[in-house]
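> Anchor point for the sequence shown: position 936 equals 936 in UniProt numbering, and the numbering is continuous, going up by one each time.
Backbone N, C-alpha and C define an ideal beta-carbon position, used for all residues, glycine too.
Note that the structure is a prediction, hence the values are computed from the model and not measured.
Quick one: structure below, then a few questions.
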Amino acid sequence: MDISVIAKKGSPKSEMIYHEDTHALHIGTLPDHAYFIPFAKGQNAFAERENSQRFELLNGLWDFVYCESIIDMPDDLTDMRDHKTISVPSNWQLCGYDKPQYTNVNYPIPYDPPYVPDDIPVGVYGRDYDYTADGLRRILCFEGVDSCLYLYVNGDFAGYSQVSHHTSEFDITELLHEGTNRLTVAVLKWCDGTYLEDQDKFRLSGIFRDVYVLSRPEKCLRNLRITAKPDGSFTKGELRVSVEGASSKLRLYDGEKLICEGEASEDKTFECEIADVRLWSAESPYLYRLEIETDSELIGEKVGFRKVEIVDGIFRLNGKHIKLFGVNRHDSYPDTGYYADREKMLHDLTLMKRSNINAVRTSHYPNAPEFYAMCDELGLYVIDEADLETHGCVCVYNDLKWSAENAYNGIALIAKDPLFREALLDRERLLVIRDVNRPCVVIWSLGNESGYGENLREAAKLIKSMDNTRPVHYESTYKLDETPDDILDMVSEMYTSPEDIQKFLEREDEKRPFILCEYSHAMGNGPGDLEAYHELFMKSERLIGGLVWEWADHGVILGYTADGKPKYGYGGDSGEKHDDGNFCMDALCYPDRTPHTGLAEMKQVYRPVRVTRISADRFAVNNLLRFIDAGEYLTCNWEITYDGGKAASGSFDFSADPMGSAEVTIPEVAQSFDRDAYIRFIFVAKNGYSVFADGEEVCFDQIKIFTAERKSVPAEGEASEFNETPLKFEITAGEIRYVFNRRTARFDGIFKGGKNLLAKPMEYNFFRAPVDNDIMKNDWYAAHLNDYITKVYETSISAENGCAVIRVKESFGWSIHQPFARMTAEYRIGNNGELDIKCDAEFSNKVEFLPRFGLRLFVDKDFDSVDYFGYGEYESYTDKHQASYVGNFSAKIADMHEDYIRPQENGSHWDCTRMSLTNGCDKLDFLNPDGFSFSASEYTQEELAAKRHNYELVKCAHNVICADFAMAGVGSAACGPQLAGKYRLPLPKISGRIMIVPN
């Protein structure tokens, strides 16, 4: 609807005519430029920007009026007499207005560009601004507004701008008067730019980044370009600085030492050469200080000398091939929505560094300007991405059956549409011009999941014309035409399997390097395939590396539990018209940045050093860092452990050149052991390594040094006494008595001194509460792995070799189909009360993927503690155990639950040889020298599977113990390749064994 037709002529509302015009993107804004903040002369230009006398932050409480429709908004929208207040920055959906919507692919509005729905919700913001004329211009800056803004000063129209994650600047000086002035900002929920901002996230609106005023002279520095790179020998630095708007004096400092100075003007570029330059990298983020002085201003810039290039299909920094071990990060916080203040950003980045992450992709839009300065300082490689995603086009293009050939290519609708070319190129230009001076930015990214066409090809050309010092990345090369993509500097894909990456390397027609811009989808209990990818990355220099999806779960706070914990919601919890459920809970951290176990897994996989065994007592410490000697910053402590104790420990220092190794000898390894033994190398920080405190653990490695011979000790003496009736076997061995139900083929009781240690009969277990990556879960329910019926064919008992032996033939199934499994089982009860369980099962064609094979026991709540020898202390699985190590661990069952927001299988411990369950008096030992998995929980798998949110869970009346002969891996198949065969349970035939010893 044309607002100018329905609004009073000349009214503020009548000016709202640009939000459905793809050629009217920025009205009344100043020319865009590289980010910097001016200071007054005499100030420290490298201080936080709030300290600048030229910087006035307008964050805080603003007056606010929410209008459900732009049509019904009053003509004089600047009259806010019935206002409330809202915090700026924020998103109004988190402040009691409208409601958040989570959608992944689908557009939140009908696809009808450039038009959007007539009833556009509008948030009108207002505040007073005091002004005293001092000869300086007042520049009003908005660093982020979703989706567009109309600006009024004292009721007069000042301008319009869109591109949500872009800084818009308005010179409002001529509209101000002495004294108190009124600023009014009308923010629309949708505009034509909405079609270009279909990122996978909660859809929120409002002023979500800092708002401030800069006071600047008429003649001032408008823009500057800094190029700092090493020469061909990588020993000298070459600095070039060009300026626009005002002549400048420049001074470059190394610490406090002035190392070069000169002048620059629009006609003269400043150049200088630095001998023995210290280069910037993520491992050694060394920064020089550049001071730019004009007649009345001072500007401080941190400068990092580095060179990014692709040579012979290899991505290089400062002449060396590097790997990106990274993560994708959204601006998403449960309390502030899109708003990330300095403290939040620093917390994220510090936690990344502490997790051995060296790269971050700004998915899928530029971050706040201060984010990049932090990456410069901390040392993180940044893939800087334009504010672009048009994923919803794929649904627009296809019919309801997706019957088109190459249906996914429909994502490229806008990529080839001339209507959006100007707007799309605008976003690429804005990306580069603001962030071009940041050394942390090593790759430009055109955007995300928008298909490929002439618009994207022109975007790549534009970026290369603006900056030839960085390569251009883009993943979504699905096309509706034949537009060539050879202009892209690397081949980028998402969620490609290791097998298909290997096939790429074997292609003779492709010489560019390869990057996984998203991989190992970290949804829920996962990811489970990080180590497999890492092994592949290290095999070829053409593989740049990858960035895990993603950093933090997206959640909104629905309320709080009785003990004050937030109740996090996801898609569908706010009554949205349509949503994508919990697909936004797909990350390495919870919404409040509490790490998932997946982040600990990543930290270990991305570790900077790895240890290999050379001979009996000699080991190699392999340095995976590219630029520094790991031994300068790491000390190694080591320990040799076995089930029950520690055999020896020590420490050593070492020296290992970049990508080199150091050999160390541990004589204690050569001693004799009578049981399985392991050596663990724990690397701790020293000399101020990265963000770690000295003495803090950075990573570890563990190697098995001795495997004991597996001996079967035959039972001696008289067999356990047993009593046989038609429906029951009773076996007595000392003070232990077993009751076996022949009707159900289950042990109804394990009695010690007259007390049943089981609260319910022991049962076989084939089901787990589906993890988010268990995309085959419906097959489990169809086969009824979760609620099977047992058919018992035979049971017998006999005395053999000092044992009472029960043999069983049975099957498990439901209605409709044949039994999903047939089993023969043997239970040997020794005269000391030990129960040795062996079983062989064969599964039908109804079971293609078996999540687990084992036993489930229910015990009274006083059995509240376990200790075990196996992989701990984190939950661990066959494909997710890098963060854990084999050792002696103990825990309370109440502390063993991993509280995923959507409940699912959790807390298992893989490859254990012993687990002891105790109530402080009685104990059940579970033993298998070849390894088993176990979990101990206050929740049943049925409860975990049934509830949508963790705060809905109800604890079981008993503690639940699962002792699994085998447990499938967790993978990352929610958005990625299927679980690799080596992490699956073998089918159709599988065997299990475990010993249970009550004492």
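1. What is the DSSP secondary structure of Trp780, counted as helix, strand or coil?
2. Does the stretch 856-868 come into contact with the stretch 884-891, if we say contact requires no fewer than three beta-carbon pairs (one atom in each stretch) closer than 8 Å?
3. Roughly how many angstroms separate the alpha carbons of Lys461 and Val491, rounded to a whole number?
4. Going by DSSP, what residues sit across from Gln702 in a beta bridge?
5. DSSP three-state call for Pro513: helix, strand or coil?
6. Out of Gly300, Ile274 and Val187, which one is the CA nearest neighbour of Phe39?
7. My output table needs one value for Arg342: the three-state DSSP class, helix, strand or coil.
8. Let me know the secondary structure DSSP gives Phe170 once reduced to three states.
9. How big is the Cα-Cα spacing for Arg618 and Arg675?
10. DSSP beta-bridge partners for Pro566?
11. What would DSSP say about Ser465, mapped onto helix, strand or coil?
12. I'd like to check one pair, Ile310 with Pro513: are the Cβ atoms closer than 8 Å?
13. Below 8 Å, can you find three or more Cβ-Cβ pairs linking the stretch 929-937 to the stretch 787-799?
14. If you follow the beta strand (DSSP E) that Gln162 is part of, which residue opens it and which one closes it?
15. Return the CA-CA distance between Cys375 and Arg438, expressed in angstroms with no decimal places.
16. Apply the 10 Å Cβ neighbour rule to Ser884 and answer buried if 16 or more other Cβ atoms are within range, or exposed otherwise.
17. State the Cα-Cα distance for the pair Lys84 and Asp21, rounded to the nearest angstrom.
18. Mapping the DSSP letters down to three states, classify Arg316 as helix, strand or coil.
19. Can you tell me whether DSSP reads Ala264 as helix, strand or coil?
20. Determine contact between the stretch 77-93 and the stretch 321-334, defined as no fewer than three beta-carbon pairs at a distance below 8 Å.
21. From the DSSP output, which residues share a beta bridge with residue 1000?
22. From what residue to what residue does the alpha helix (DSSP H) around Phe504 run?
23. For residue 1010 and Phe234, what's the separation of their Cα atoms in angstroms?
24. Pick helix, strand or coil for Ile139, following the three-state DSSP scheme.
25. Please classify Val153: is it buried, with 16 or more other beta-carbons within 10 angstroms of its beta-carbon, or exposed?
26. Since Asp779 contacts Glu848 with CB under 8 Å, what's their CB separation in whole angstroms?
27. Do the CB positions of Glu875 and Met995 come within less than 8 Å of each other?
28. In terms of residues, what are the limits of the alpha helix (DSSP H) holding Ile3?
29. Counting pairs of Cβ atoms below 8 Å between the stretch 840-859 and the stretch 769-786, do you hit three or more?
30. Since Gly546 sits in a beta bridge, which residues does DSSP pair it with?
31. In the DSSP output, what is Glu178 paired with across the bridge?
32. How would you label Arg507, buried or exposed, when you count the other beta carbons within 10 angstroms and need 16 or more for buried?
33. Short of 6 Å in beta carbon distance, which residues of its chain neighbour Arg49, apart from the five on each side in sequence? Order them along the chain.
34. Under three-state DSSP, which class holds Thr194?
35. Could you tell me the alpha carbon to alpha carbon distance between Gly555 and Asp922, rounded to whole angstroms?
36. Measure the C-alpha to C-alpha separation of Phe751 and Gly920 and round it to an integer number of angstroms.
This is what the structure holds:
1. One-based indexing of the sequence shown puts residue 780 at position 780. The answer is helix: DSSP assigns Trp780 an H, G or I state.
2. yes
3. The count along the sequence shown starts at 1 and reaches residue 461 at position 461. The count along the sequence shown starts at 1 and reaches residue 491 at position 491. So the two alpha carbons sit approximately 17 Å from each other.
4. Your numbering for residue 702 matches position 702 in the sequence shown. Gln702 pairs with Arg680.
5. Translated into the one-based positions of the sequence shown, residue 513 becomes position 513. Coil.
6. Counting from 1 along the sequence shown, the entry for residue 39 is found at position 39. Checking every option, the nearest Cα to that of Phe39 belongs to Gly300.
7. Your numbering for residue 342 matches position 342 in the sequence shown. Correct three-state label for Arg342: helix.
8. Along the sequence shown, one-based indexing puts residue 170 at 170. It is a strand residue.
9. Translated into the one-based positions of the sequence shown, residue 618 becomes position 618. Translated into the one-based positions of the sequence shown, residue 675 becomes position 675. Approximately 21 Å, taken between the alpha carbons.
10. By 1-based counting over the sequence shown, the position of residue 566 is 566. For Pro566, which the question treats as bridged, DSSP gives the partners Tyr560.
11. Within the sequence shown, numbered from 1, the residue matching residue 465 stands at position 465. Three-state result, Ser465: helix.
12. As a position in the sequence shown, residue 513 is number 513, starting the count at 1. As a position in the sequence shown, residue 310 is number 310, starting the count at 1. Contact flag set, yes.
13. no
14. As a position in the sequence shown, residue 162 is number 162, starting the count at 1. Where Gln162 is concerned, the enclosing beta strand (DSSP E) stretches over Asp156 to Gln162.
15. As a first step, residue 375 must be located in the sequence shown, where it is residue number 375. As a first step, residue 438 must be located in the sequence shown, where it is residue number 438. Their Cα atoms are separated by approximately 9 Å.
16. Here residue 884 refers to the residue found at position 884 when the sequence shown is read from its first residue. So Ser884 counts as buried.
17. Position 84 of the sequence shown, counted from the start, is the residue given in the question as residue 84. Position 21 of the sequence shown, counted from the start, is the residue given in the question as residue 21. Using only the alpha carbons, I get a separation of about 31 Å.
18. By one-based count along the sequence shown, residue 316 stands at place 316. Three-state result, Arg316: strand.
19. Numbered from its first residue, the sequence shown carries residue 264 at position 264. Residue state, collapsed to three classes: strand.
20. no
21. Nothing can be reported for residue 1000, as the shown portion of the chain is limited to 1 through 999.
22. Position 504 of the sequence shown, counted from the first residue, corresponds to residue 504. Pro498 to Leu505 is the span of the alpha helix (DSSP H), which, as asked, contains Phe504.
23. In this structure the chain extends from 1 to 999, so residue 1010 is not present and cannot be described.
24. Position 139 of the sequence shown, counted from the first residue, corresponds to residue 139. Reduced to three states, the DSSP call for Ile139 is strand.
25. The residue you call residue 153 lines up with position 153 of the sequence shown. Answer is buried; the Cβ neighbour count reaches 16.
26. Walking along the sequence shown from the start, residue 779 turns up at place 779. Walking along the sequence shown from the start, residue 848 turns up at place 848. Indeed, because the Cβ distance is near 7 Å, the residues count as touching under 8 Å.
27. Locating residue 875 in the sequence shown gives position 875, counting from the first residue. Locating residue 995 in the sequence shown gives position 995, counting from the first residue. No, the Cβ-Cβ distance between Glu875 and Met995 is not below 8 Å.
28. Indexing the sequence shown from 1 puts residue 3 at position 3. Counting along the chain, the alpha helix (DSSP H) containing Ile3 begins and ends at Ile3 to Ile6.
29. yes
30. Taking the first residue of the sequence shown as position 1, residue 546 is located at position 546. Paired residues: Phe325 and Leu516.
31. Residue mapping note: residue 178 aligns to position 178 of the sequence shown, counting from 1. Paired residues: none, contrary to the question.
32. If you number the sequence shown from 1, residue 507 lands on position 507. So Arg507 ends up on the exposed side.
33. One-based indexing of the sequence shown puts residue 49 at position 49. Around Arg49: Ile37 and Phe55.
34. Your numbering for residue 194 matches position 194 in the sequence shown. Thr194 falls in the helix class under three-state DSSP.
35. Taking the sequence shown and counting its residues from 1, one reaches residue 555 at position 555. Taking the sequence shown and counting its residues from 1, one reaches residue 922 at position 922. Looking at the two C-alpha atoms, the distance is approximately 43 Å.
36. Residue numbering aside, residue 751 sits at position 751 when the sequence shown is read from its first letter. Residue numbering aside, residue 920 sits at position 920 when the sequence shown is read from its first letter. When rounded, the distance between both Cα atoms is 16 Å.
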